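**Student:** I'd like to ask some things about the structure below.
In our numbering, the protein residues as written are 50 to 435.
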């Protein structure tokens with residue numbers, strides 16, 4: 050099934066459980082390195098309905114290995130929604146009040162154009178796919194939003210890698226974003242995250258089945274390397290107390306229970322089946338290269354000099370992958386730029402992925418930010434009344 054969008058060369062298609070918006074060669078994506086990418090496909094999912102003024106749109110940016118199915122099951126893999134505590138009816142981002150969009154990131158592997166996509170010559174791009182950065186990913190999202198005839202977003206929200214995208218939106222398109230919520234993220238990649246990312250990439254590329262990035266042409270996939278990459282990501286998401294307690298048992302068998310558990314989880318997880326290894330390489334490099342201040346003479350405040358966006362920066366006390374100090378640094382820069390900004394540190398023992406768990410303080414604080422922003426924006430606090 051397909052349909053043309055009014056006034057646009059883009060075409061919405063639905064097949065295999067995925068909704069995509071395809072841009073033809075006449076509408077290329079201009080990348081930061083000077084190259085262009087066309088044709089371009091952006092896969093997305095939406096929840097709720099646009100109001101008459103088209104002013105209640107919320108863009109959720111997913112994490113590095115995430116997908117667009119933020120509030121509903123993935124019809125391709127069968128995986129449940131990945132943020133149901135935050136997005137859905139009656140949740141902090143209430144789909145009875147807001148039109149929620151989530152796009153599969155450029156370079157991803159759930160329908161958007163990426164390394165596993167078919168190039169114009171009919172073969173998978175592989176490592177021929179152009180290097181992309183966070184600005185490119187956001188630029189592709191912007192093309193999607195414009196094609197859907199949405200001039201501005203009520204809110205952009207993201208955690209981790211998604212938070213980097215949210216910040217890029219607020220910096221690059223300040224007049225198009227009313228509010229921005231950054232969760233467990235900062236304006237640059239941290240040293241621990243850089244180390245884990247490099248370890249993960251080396252594991253993938255050391256897998257004999259990687260075949261120099263051309264594994265799809267050989268009918269194989271570097272599942273062992275990708276499994277190690279997944280394990281590294283899991284370790285980075287745990288809080289230090291959880292790691293210490295897991296390795297503190299007296300018996301050697303118990304002492305290494307966590308390592309065995311993580312290894313087994315990554316081997317048996319559907320992750321290695323659903324996520325493309327080259328996508329991991331590309332997106333992790335995009336995350337590692339993100340540094341908003343670097344584009345503004347090293348002054349982070351200058352990245353938000355045109356700030357008209359309301360900001361709330363959330364951090365978790367036990368997150369060593371992106372510690373609270375990174376959130377404070379971001380908040381200080383926002384305030385120095387004259388932005389309406391707040392920083393909230395959540396006391397949690399769940400580490401980097403606390404935002405995915407039951408954290409009532411986080412949910413309540415986010416609800417407060419959403420409701421306050423909606424009131425200032427003139428959006429009703431009642432479902433269906435916008």
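By construction, the Cβ of each residue, glycine as well, lies at the ideal position given by its N, Cα and C atoms. Note that the coordinates shown come from a computational prediction; the quantities given were computed from them, not determined experimentally.
1. Quick check: the segment 368-385 against the segment 255-264, are there 3 or more CB pairs under 8 Å?
2. Within the same chain, show all residues whose beta-carbon is closer than 7 Å to that of residue 181, passing over the 5 residues directly before and after it, in chain order.
3. Determine the DSSP secondary structure at residue 166, reduced to helix, strand or coil.
4. Using C-beta distances below 6 Å, list every residue in its chain close to residue 416, excluding the 5 sequence neighbours before and after it, in chain order.
5. In angstroms, rounded to a whole number, what distance separates the CA positions of residue 62 and residue 328?
6. Suppose you measure from the CA of residue 338 to the CA of residue 248; what does that come to, to the nearest Å?
7. Let me confirm a value: residue 267 is counted as buried when at least 16 other C-beta atoms fall within 10 Å, else exposed. Which label applies?
8. Which same chain residues, not among the five before or five after residue 256, have their C-beta less than 6 Å away from its C-beta?
9. Please work out which residues of its chain come closer than 6 Å, Cβ to Cβ, to residue 412, disregarding the five sequence neighbours upstream and downstream, and give them in chain order.
10. Counting along the chain, where does the beta strand (DSSP E) carrying residue 232 start and finish?
11. Give, in chain order, every unbroken run of the beta strand (DSSP E) that is at least 3 residues long and sits entirely within the segment 105-137.
12. What number of angstroms, rounded off, separates the C-alpha of residue 129 from the C-alpha of residue 116?
13. For the beta strand (DSSP E) containing residue 436, list its first residue and its last residue.
14. With 16 other CB atoms within 10 Å as the buried threshold, where does residue 217 fall?
15. Which two residues bound the contiguous alpha helix (DSSP H) that contains residue 181?
16. Where does residue 171 fall in DSSP's three states?
17. For residue 240, does the count of other Cβ atoms within 10 angstroms reach 16, so buried, or fall short, so exposed?
18. Find the nearest neighbour of residue 189 within the set 162, 171 and 203, judged by alpha-carbon distance.
19. To which residues of the same chain is residue 359 closer than 6 Å at the C-beta, ignoring the five residues directly before and after it?
20. On the three-state DSSP scale, how would you describe residue 189?
21. Three or more C-beta pairs under 8 Å: does that hold for the segment 343-353 against the segment 381-395?
22. Could you tell me the distance, in whole angstroms, from the CA atom of residue 183 to the CA atom of residue 214?
23. Give me the Cβ distance between residue 243 and residue 106, rounded to the nearest whole Å; I'm assuming they're in contact under 8 Å.
24. Do residue 65 and residue 125 have their C-beta atoms within less than 8 Å of each other?
25. Identify, in the order they occur along the chain, each residue of the same chain with its Cβ nearer than 8 Å to the Cβ of residue 250, setting aside the five sequence neighbours on each side.
26. What is the C-beta distance between residue 398 and residue 288, in whole angstroms, given that I count them as a contact (C-beta under 8 Å)?
27. Assuming residue 150 and residue 89 are in contact, meaning their beta carbons sit under 8 Å apart, how far apart are those beta carbons, in whole angstroms?
28. Skipping 5 residues on each side, what residues in its chain have a beta carbon closer than 6 Å to that of residue 299?
**Tutor:** Looking at the atomic coordinates:
1. Segments in contact, no.
2. As a working mapping, residue 181 is identified with position 132 in the chain shown. Exclusion of the five residues before and after residue 181 leaves 80, 155, 156, 331 and 335 as the residues of its chain whose Cβ lies within less than 7 Å of its Cβ.
3. Locating residue 166 in the chain shown gives position 117, counting from the first residue. Three-state result, residue 166: coil.
4. Position 367 of the chain shown holds residue 416. For residue 416, where only same-chain residues beyond five positions count, the Cβ hits under 6 Å are 141.
5. Within the chain shown, residue 62 is the residue found at index 13, counting from 1. Within the chain shown, residue 328 is the residue found at index 279, counting from 1. If you take the alpha carbons of residue 62 and residue 328, they lie about 22 Å apart.
6. As a position in the chain shown, residue 338 is number 289, starting the count at 1. As a position in the chain shown, residue 248 is number 199, starting the count at 1. Those two C-alpha atoms are separated by around 16 Å.
7. For the purposes of this step, residue 267 is taken as residue 218 along the chain shown, with counting starting at 1. A residue is called buried when at least 16 other Cβ atoms come within 10 angstroms of its Cβ; residue 267 does not meet this threshold and is exposed.
8. Translated into the one-based positions of the chain shown, residue 256 becomes position 207. Once the five neighbours on either side are set aside, the close Cβ partners of residue 256 are 271, 273 and 274.
9. As a position in the chain shown, residue 412 is number 363, starting the count at 1. Here the set comprises 141.
10. Position 183 of the chain shown, counted from the first residue, corresponds to residue 232. Its beta strand (DSSP E) spans residues 226-232.
11. Secondary structure remark: continuous beta strand (DSSP E) runs of at least 3 residues inside the segment 105-137, in chain order: 106-110.
12. As a working note, residue 129 is residue 80 in the chain shown. As a working note, residue 116 is residue 67 in the chain shown. The alpha-carbon atoms of residue 129 and residue 116 are separated by roughly 11 Å.
13. With the chain covering only 50 through 435, there is no way to say anything about residue 436.
14. Working through the chain shown from its first residue, we reach residue 217 at position 168. Here residue 217 is buried. Its C-beta has 16 or more other C-beta atoms within 10 Å.
15. Taking the chain shown and counting its residues from 1, one reaches residue 181 at position 132. Per DSSP, residue 181 belongs to no alpha helix (DSSP H) and is neither H nor E.
16. For this step, residue 171 is matched to residue 122 along the chain shown. Coil.
17. Taking the first residue of the chain shown as position 1, residue 240 is located at position 191. The residue is exposed, with fewer than 16 neighbouring Cβ atoms inside 10 Å.
18. Locating residue 189 in the chain shown gives position 140, where the first residue counts as 1. Minimum Cα distance to residue 189 is reached at 162.
19. Numbered from its first residue, the chain shown carries residue 359 at position 310. Here the set comprises 228, 389 and 422.
20. What you label residue 189 is simply residue 140 of the chain shown in a count that begins at 1. Shown here, residue 189 sits in a helix according to DSSP, grouped into three states.
21. Contact between the segment 343-353 and the segment 381-395 is present, with at least three C-beta pairs closer than 8 Å.
22. As a first step, residue 183 must be located in the chain shown, where it is residue number 134. As a first step, residue 214 must be located in the chain shown, where it is residue number 165. C-alpha of residue 183 to C-alpha of residue 214: approximately 6 Å in a straight line.
23. Within the chain shown, residue 243 is the residue found at index 194, counting from 1. Within the chain shown, residue 106 is the residue found at index 57, counting from 1. Incorrect: roughly 33 Å between the Cβ atoms, too far for contact.
24. Within the chain shown, the letter at position 16 stands for residue 65. Within the chain shown, the letter at position 76 stands for residue 125. One thing to note: residue 65 has its Cβ within 8 Å of the Cβ of residue 125.
25. Counting from 1 along the chain shown, the entry for residue 250 is found at position 201. If we look at residue 250 and ignore the five residues flanking it on each side, its Cβ neighbours are 278, 329, 330, 333 and 334.
26. Within the chain shown, the letter at position 349 stands for residue 398. Within the chain shown, the letter at position 239 stands for residue 288. Taking 8 Å as the upper bound for CB-CB distance, residue 398 and residue 288 are in contact here, some 5 Å apart.
27. Residue mapping note: residue 150 aligns to position 101 of the chain shown, counting from 1. Residue mapping note: residue 89 aligns to position 40 of the chain shown, counting from 1. Between residue 89 and residue 150 the Cβ distance is about 17 Å, and since that is not below 8 Å, they are no contact.
28. Here residue 299 refers to the residue found at position 250 when the chain shown is read from its first residue. Because the pLDDT of residue 299 is 37, which lies under 50, any placement of that residue in the model is unreliable, and the question is left without a value.
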